[in-house]
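Chemist: The structure that follows is given in the form of structure tokens.
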Amino acid sequence: MASTSKDVPAVVIQDNPPDDLEPGACHDSILNPTDSFEEFASEMSSSLQERNISLATKSSTISEIQSEIGENSAPMKPTKSSDDLQTKDESISASTSNSNLTEQNGDDTDTEKDDYLQSPELVNKEKHVFILSSAGKPIYSRYGNEDKLAGLCGVIQALVSVVEEQNQDILRSISTNDCKAVFLVKGPLILVAVSKSDESETQLVLQLTYAFNQIVSVLTLTQLNRIFEQRRNYDLRRLLSGAERLIDHLLIFMEKDPAFLLGAVRCLPLPEKARENITNAIQTTCNKIRDLVFAIMLAGNQLITLVRMKKYTLHPSDIHLLFNLVRSSESFKTAESWTPICLPKFDSTGFLHGHVSYISEDCQACLLLLTVQRDAFFPLSQAKHTIADKLRRSNCLVAINDALNRNEELPTTNPLKHIGIPEIRHFMYKCKSTAQLFTSDPISLDKLQDYRLRHKEGGDIMEKKVEKLSDIDYVRNYRKFCSSIHCTSTPAKLIFRSNSCDTILAWVTNGFELYVTFDPLMEKDQAIKAVDRLLKWIKKEEQRIFIMHAPTF
Amino acid sequence: MSSRKKALLKVIILGDSGVGKTSLMNQFVNKKFSNQYKATIGADFLTKEVIVDDRIVTMQIWDTAGQERFQSLGVAFYRGADCCVLVFDVTAPNTFKSLESWRDEFLIQASPRDPDNFPFVILGNKIDLDNRAVSAKRAQQWCQSKNDIPYFETSAKEAVNVELAFQTIARNALAQETEAELYNEFPDQIKLNANDNGRNRDGDNCAC
Ligand SMILES: Nc1nc2c(ncn2[C@@H]2O[C@H](COP(=O)(O)OP(=O)(O)O)[C@@H](O)[C@H]2O)c(=O)[nH]1
Ligand SMILES: [Mg+2]
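So the protein lines, in turn, are chains A and B.
When we follow the UniProt record's numbering, the leftmost residue of the first sequence carries the number 1, and every step to the right adds one.
When we follow the UniProt record's numbering, the leftmost residue of the second sequence carries the number 1, and every step to the right adds one.
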């Protein structure tokens, strides 16, 4: 095992953030800076009443845009004054209502259990996710057949309701020796993760929140709420058919990519000039298209560029949903698509309309043009072709392909070799102000390919040890450090842990978060020196690694 | 769409303690009852797949825990039910008289959209016993007076009419669902969005 938590002597020292800007920081950001844990911090501390109002109608950004571009002649007044989720954290900590039940262990000798729960497709999974309606009807199960889990869903609904109605409290989690169940009630849905992994309760809540947002992204929150207001017995699977696949992918994606853990977005490393050209091509082409809100180019779950309407930025979690959509939709590869997309953080009440297409057959970059205009397919299709031509002429497609194919000559392909600090095995760095992420061993496209193969299979708990750790394994090891650093009561600034397996340093400042794995038994001074060199390298390469501009139309 | 063929129904069984609710469920699902969750959450669940007009229907049957009148789940238990089965014991007139209040209780707690047409089914159970005290006629009359609720005489013990009763329950609940579907309460995603926009514009008009 790479690390056991027992031998973690956490050293906490004061940090002195450097005076100049940290690597990757710039004055304008295309993304909302986030603390990935802020959301569940507020989720976890909200009381029952707060929860009930938190999903009330927010003002609509989309109608705001529509009115600004003159789509509607008079300015829109939202019907209800906004109870913005962001402002919600101010009202937190009112009550620490925590029903953390501990197992009383079913000593009922009722041996006749539901057989299906013991079937091979369900037992021995590392993590289950169940989604059900507040009537107790199954909507989604990561494994198995949710119809056959109707009994289990009834039990879940009853558990949640008993705590709610009898104790006026919220059921957050149930822990047993080797397993925890985490519950999240969101609007008309109940989401549950049952996990044997070492992920913390908050990390699991984050994943459930994402799963919820994925559903909102397909339906909008307005529609989701309306459906269940009208018919509480509604079988939501009927509206979500096809979206199940999106949730499947998202759950795997979240386990593999640290971007979720850190609430940050990976960028495709590109020469500064190439990225500038791409951005320019989009800007000049789309300048005149009034209704365009975002133009986003991405490849392999990495952001290439994002051009936006003035005033509007995107939340990393919305970008993650777009990555996931593109990643899990084969059909985008074969045809230009026109699809409604709700970005829950941006505006959960309505759809944006997206023109989605791959740039060309020989380049796996995908372009999303998101507008508030319902019938803009043809102008956007036109724009796409113009952009593609420009990119080809300016050799940008080659630059993108080089980065995607991890051309050996690029410094970012094999950063550790390039930096020349042999004792560093792995690192991940998040620039907080821009919510962007860079890791030493970015998940390659082929590794992500097995998403599809693993669909509904795999996920079993593995006993075997791996010889060479991958990005995913390192990230798994960082999880608990990440939890301590984001712990709301006693957050750590710097954690250094050294043992005979490896040495891990986790460091958070105002500007960045850094997680590094070194060889075993490193001294602290030595590690800090190495980190210093590492930061210098990131600073030197920042223009390539990160998106340092926040272009608008 | 293949998912159109699948359906899941939430079925609630109500009636005084001892009338044979749990036994009926067991008979239908063909299982020795486990009482797995009753003590902790005041309810228990059984599921069974049935085929109705070549649709696969999963029945999720909710049973109360012993102390029927004080069952702890309250509204949550009834929320979003597709069908309600009311059971009485043909040898115990009191349990028959209670039907009225069980029905009311359900309608209050579940507050279905269209209470008059909500699918109930009444089961007069234990017809295998000799000491019958509620006649079929009396029961039928009451059912007729309540908007023609279907009535079945059953014996959980001897498996009389149990299968038929549950088939009817599934069929009636499904009929309700398809009816609602015809009215198309939820336009599909894209249309809904169109409605949203429309509504925004309306909003504008009002604001003017
Ligand atoms: N003779 C006879 N006894 C029955 C029948 N159904 C249930 N019982 C008995 O009635 C008692 C109460 O049944 P139970 O299913 O626990 O009723 P519940 O309280 O409504 O769930 C038990 O002793 C059963 O064996 C039936 O159809 N015929
Ligand atoms: Mg019973």
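Glycine included, C-beta positions come from ideal geometry on N, C-alpha and C.
Touch check for the segment 356-368 of chain A and the segment 225-240 of chain A: three-plus C-beta pairs under 8 Å?
Modeler: no
Chemist: At the level of alpha carbons, what is the spacing between phenylalanine 260(A) and methionine 254(A)?
Modeler: For the purposes of this step, residue 260(A) is taken as residue 260 along the first sequence, with counting starting at 1. For the purposes of this step, residue 254(A) is taken as residue 254 along the first sequence, with counting starting at 1. Between phenylalanine 260(A) and methionine 254(A), the C-alpha separation is close to 6 Å.
Chemist: Looking at valine 129(A) and valine 194(A), is the spacing between their C-beta atoms short of 9 Å?
Modeler: Residue mapping note: residue 194(A) aligns to position 194 of the first sequence, counting from 1. Residue mapping note: residue 129(A) aligns to position 129 of the first sequence, counting from 1. Against a cut-off of 9 Å, the Cβ pair of valine 129(A) and valine 194(A) comes out as a contact.
Chemist: Do you know how far the Cα of isoleucine 61(B) is from the Cα of phenylalanine 45(B)?
Modeler: Stepping through the second sequence from its first residue, residue 45(B) is reached at position 45. Stepping through the second sequence from its first residue, residue 61(B) is reached at position 61. Straight-line Cα distance between these residues: approximately 6 Å.
Chemist: Check distances from the C-beta atoms of the segment 145-166 of chain A to those of chain B and list, in chain order, the residues that come in under 9 Å.
Modeler: Among the residues of the segment 145-166 of chain A, those with a Cβ less than 9 Å away from any Cβ of chain B are Glu146, Asp147, Lys148, Leu149, Ala150, Gly151, Leu152, Cys153, Gly154, Val155, Gln157, Ala158, Leu159, Val160, Ser161, Val162, Glu164, Glu165, Gln166, in the order of the chain.
Chemist: With respect to the beta strand (DSSP E) encompassing alanine 139(B), which residues constitute its N-terminal and C-terminal limits?
Modeler: Stepping through the second sequence from its first residue, residue 139(B) is reached at position 139. That residue, alanine 139(B), is in no beta strand (DSSP E); its alpha helix (DSSP H) goes 136-145.
Chemist: In the DSSP assignment, the alpha helix (DSSP H) including leucine 369(A) goes from what residue to what residue?
Modeler: As a working note, residue 369(A) is residue 369 in the first sequence. Careful: leucine 369(A) lies outside any alpha helix (DSSP H), inside the beta strand (DSSP E) at 363-371.
Chemist: For ligand 2, is there any heavy atom lying closer than 8 Å to the beta carbon of threonine 64(B)?
Modeler: Within the second sequence, numbered from 1, the residue matching residue 64(B) stands at position 64. Yes, the beta carbon of threonine 64(B) sits closer than 8 Å to at least one heavy atom of ligand 2.
Chemist: How would you list, in chain order, the residues of chain B whose beta-carbon sits under 9 Å from the beta-carbon of arginine 406(A)?
Modeler: Along the first sequence, read from residue 1 onward, the residue named residue 406(A) stands at position 406. Per Cβ cutoff of 9 Å: no residues; arginine 406(A) is ~38 Å from chain B at best.
Chemist: Please list, in chain order, all residues of the same chain as alanine 110(B) whose beta carbon is under 6 Å from its beta carbon, the five residues on each side excluded.
Modeler: What you label residue 110(B) is simply residue 110 of the second sequence in a count that begins at 1. Around alanine 110(B): Tyr78, Ala81.
Chemist: Less than 8 Å between C-beta atoms, sequence neighbours within five positions excluded: which residues of the same chain meet that for leucine 99(B)?
Modeler: One-based indexing of the second sequence puts residue 99(B) at position 99. So the list reads Gly15, Leu86, Phe88, Ile122, Trp142, once near-sequence residues are dropped.
Chemist: What's the gap between the Cα of tyrosine 312(A) and the Cα of valine 216(A)?
Modeler: Walking along the first sequence from the start, residue 312(A) turns up at place 312. Walking along the first sequence from the start, residue 216(A) turns up at place 216. Roughly 20 Å separates the two Cα atoms.
Chemist: Pull up the distance between the alpha-carbon of alanine 43(B) and that of leucine 268(A), whole angstroms please.
Modeler: Here residue 43(B) is taken as the residue at index 43 of the second sequence, counted from 1. Here residue 268(A) is taken as the residue at index 268 of the first sequence, counted from 1. Whole-angstrom Cα-Cα distance: 53 Å.
Chemist: When you check each C-beta in the segment 125-136 of chain A against every C-beta of chain B, which residues fall closer than 7 Å?
Modeler: Ser133, Ser134, Ala135, Gly136
Chemist: Could you please give the first and the last residue of the uninterrupted alpha helix (DSSP H) stretch that includes asparagine 225(A)?
Modeler: In the first sequence, counting from the first residue as 1, residue 225(A) sits at position 225. Counting along the chain, the alpha helix (DSSP H) containing asparagine 225(A) begins and ends at 221-230.
Chemist: Please find out if some non-hydrogen atom of ligand 2 comes closer than 8 Å to the beta-carbon of serine 17(B).
Modeler: In the second sequence, residue 17(B) corresponds to position 17, counting from 1. Answer for serine 17(B): yes, Cβ within range of ligand 2.
Chemist: Any C-beta of chain A sitting closer than 9 Å to the C-beta of phenylalanine 77(B)?
Modeler: Along the second sequence, read from residue 1 onward, the residue named residue 77(B) stands at position 77. Closer than 9 Å to some Cβ of chain A, the Cβ of phenylalanine 77(B) qualifies, so yes.
Chemist: With 9 Å as the threshold, decide whether the Cβ of serine 82(A) is near any Cβ in chain B.
Modeler: Here residue 82(A) corresponds to residue number 82 of the first sequence, with the count starting at 1. Since pLDDT at serine 82(A) reaches only 35, below the 50 mark, its modelled position is unreliable, and the value read off the structure follows with that caveat. With 9 Å as the cut-off, serine 82(A) does not count as an interface residue toward chain B.
Chemist: From Asn499(A), His549(A), Ile495(A), Ser500(A), pick the residue whose C-alpha is nearest to that of alanine 506(A); which is it?
Modeler: Reading the first sequence from its first residue, position 506 is the one you call residue 506(A). Nearest Cα to alanine 506(A) within the set Asn499(A), His549(A), Ile495(A), Ser500(A): Ile495(A).
Chemist: Out of curiosity, what's the CA-to-CA distance linking serine 99(A) and leucine 132(A)?
Modeler: As a position in the first sequence, residue 99(A) is number 99, starting the count at 1. As a position in the first sequence, residue 132(A) is number 132, starting the count at 1. With a pLDDT of 41 at serine 99(A), under the threshold of 50, the modelled position of that residue is not reliable, and the figure given next carries that caveat. Roughly 20 Å separates the two Cα atoms.
Chemist: For isoleucine 51(B), which residues of its own chain have a beta-carbon under 8 Å away from its beta-carbon, when the five flanking residues on both sides are left out?
Modeler: The residue given as residue 51(B) occupies position 51 in the second sequence. These residues qualify, in order along the chain: Val57.
Chemist: Using a cut-off of 9 Å between C-beta atoms, extract the partners of tryptophan 62(B) located in chain A.
Modeler: What you label residue 62(B) is simply residue 62 of the second sequence in a count that begins at 1. Under the 9 Å cutoff, chain A gives Gly136, Gly154, Ala158.
Chemist: Let's see if you can read the secondary structure: which residues bound the beta strand (DSSP E) around serine 337(A)?
Modeler: Position 337 of the first sequence, counted from the first residue, corresponds to residue 337(A). Segment 337-341, the beta strand (DSSP E) holding serine 337(A).
Chemist: Quick check on the DSSP output: the beta strand (DSSP E) that includes valine 52(B) runs from which residue to which?
Modeler: Looking up residue 52(B) in the second sequence gives position 52. Where valine 52(B) is concerned, the enclosing beta strand (DSSP E) stretches over 43-52.
Chemist: Secondary structure at proline 344(A), three-state DSSP: helix, strand or coil?
Modeler: Working through the first sequence from its first residue, we reach residue 344(A) at position 344. Helix at proline 344(A).
Chemist: Roughly how many angstroms lie between the CA atoms of asparagine 477(A) and phenylalanine 332(A), to the nearest whole one?
Modeler: In the first sequence, counting from the first residue as 1, residue 477(A) sits at position 477. In the first sequence, counting from the first residue as 1, residue 332(A) sits at position 332. Straight-line measurement puts the Cα of phenylalanine 332(A) at about 35 Å from the Cα of asparagine 477(A).
Chemist: Quick one: Cα of isoleucine 65(A) to Cα of serine 348(A), how far?
Modeler: Sequence index remark: in the first sequence, residue 65(A) carries index 65 (1-based). Sequence index remark: in the first sequence, residue 348(A) carries index 348 (1-based). Going from the Cα of isoleucine 65(A) to the Cα of serine 348(A) covers about 14 Å.
Chemist: For a test of the three-state rule: what should DSSP assign to isoleucine 359(A), helix, strand or coil?
Modeler: By 1-based counting over the first sequence, the position of residue 359(A) is 359. Strand.
Chemist: Alpha carbon to alpha carbon, how far is serine 337(A) from valine 356(A)?
Modeler: Counting from one through the first sequence, the residue named residue 337(A) turns up at place 337. Counting from one through the first sequence, the residue named residue 356(A) turns up at place 356. Whole-angstrom Cα-Cα distance: 5 Å.
Chemist: Can you check which of these residues, Leu221(A), Gln214(A), Lys288(A), is closest to glycine 187(A) by C-alpha distance?
Modeler: For the purposes of this step, residue 187(A) is identified with residue 187 of the first sequence, where counting begins at 1. Cα-wise, what sits closest to glycine 187(A) is Leu221(A).
Chemist: Can you give me the Cβ contacts of asparagine 161(B) inside the same chain, cut-off strictly under 7 Å, excluding the 5 residues immediately before and after it?
Modeler: Here residue 161(B) refers to the residue found at position 161 of the second sequence. If we look at asparagine 161(B) and ignore the five residues flanking it on each side, its Cβ neighbours are Phe152, Glu153, Thr154.
Chemist: Whose C-beta lies closer than 6 Å to the C-beta of glutamate 75(B) among residues of the same chain, with five residues either side of it excluded?
Modeler: If you number the second sequence from 1, residue 75(B) lands on position 75. A quick correction: the sequence has valine, not glutamate, at residue 75(B). The answer, listed in chain order, is Gln109.
Chemist: For lysine 21(B), verify whether its CB is less than 8 Å away from any heavy atom of ligand 1.
Modeler: What you label residue 21(B) is simply residue 21 of the second sequence in a count that begins at 1. Flag set: Cβ of lysine 21(B) near ligand 1.
Chemist: With a CB to CB cut of under 6 Å and the five nearest residues on each side skipped, what residues in its chain are close to phenylalanine 427(A)?
Modeler: Residue mapping note: residue 427(A) aligns to position 427 of the first sequence, counting from 1. Cβ neighbours of phenylalanine 427(A) beyond the five flanking positions: Ser440, Val516.
Chemist: Ends of the alpha helix (DSSP H) at residue 212(B)?
Modeler: Given a span of 1 to 208 for chain B in the structure shown, any question on residue 212(B) remains unanswerable.
Chemist: With 9 Å as the threshold, decide whether the Cβ of arginine 113(B) is near any Cβ in chain A.
Modeler: One-based indexing of the second sequence puts residue 113(B) at position 113. True, the Cβ-Cβ gap to chain A drops below 9 Å.
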